[in-house]
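Worksheet for the structure shown next.
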Amino acid sequence: MNRLLENFSKPVIALTFAIVSSSIVAAPAEEVARTGMPLDIVKTISITDVSNACGIVPVVLTYDDSQGQRHTVTYQVWGSACSGG
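Heads up: the sequence shown runs through residues -26 to -1, 1 to 59, numbered per mature numbering (1 follows the signal peptide of the UniProt record, and there is no 0).
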């Protein structure tokens, strides 16, 4: 039984490590956008939905640039769902 467990656990550990490693490498580094910061956006991948937010809320924008590189930036916006203006 121990030998079976040893033979099973090595590939599982290797596979888990490979999945975790690829996730870490694939995740884009997040930047904080500044006013006037030029963004080379060719394709928007995702953006935070703030349609139901009120007040100043963070937005996360993920996009691809003209070189095919994926970027993620965060910035603040004023949510428009506040009652009374």
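For glycine and all other residues, C-beta sits at the position ideal for the given N, C-alpha and C.
Tell me whether residue i sits in a helix, a strand or coil according to DSSP, three-state version.
i: residue 51; result: strand
i: residue 40; result: coil
i: residue 28; result: strand
Could you tell me the distance, in whole angstroms, from the CA atom of residue i to the CA atom of residue j?
i: residue 74; j: residue 32; result: Limits of the chain in this structure are -26 at one end and 59 at the other, which puts residue 74 out of reach.
i: residue 46; j: residue 57; result: 31 Å
i: residue 44; j: residue 18; result: 10 Å
i: residue 4; j: residue 28; result: 24 Å
i: residue 30; j: residue 10; result: 19 Å
Check for me: the beta strand (DSSP E) holding residue i runs from which residue to which?
i: residue 12; result: Premise fails: residue 12 is in no beta strand (DSSP E) and is neither H nor E.
i: residue 20; result: 17 to 21
My guess is that residue i and residue j are in contact by the Cβ rule of under 8 Å, so how many angstroms apart are they, rounded?
i: residue 7; j: residue 37; result: The Cβ separation is near 11 Å, so there is no contact.
i: residue 34; j: residue 51; result: Actually they do not touch by this definition, with Cβ atoms about 11 Å apart.
i: residue 39; j: residue 15; result: 7 Å
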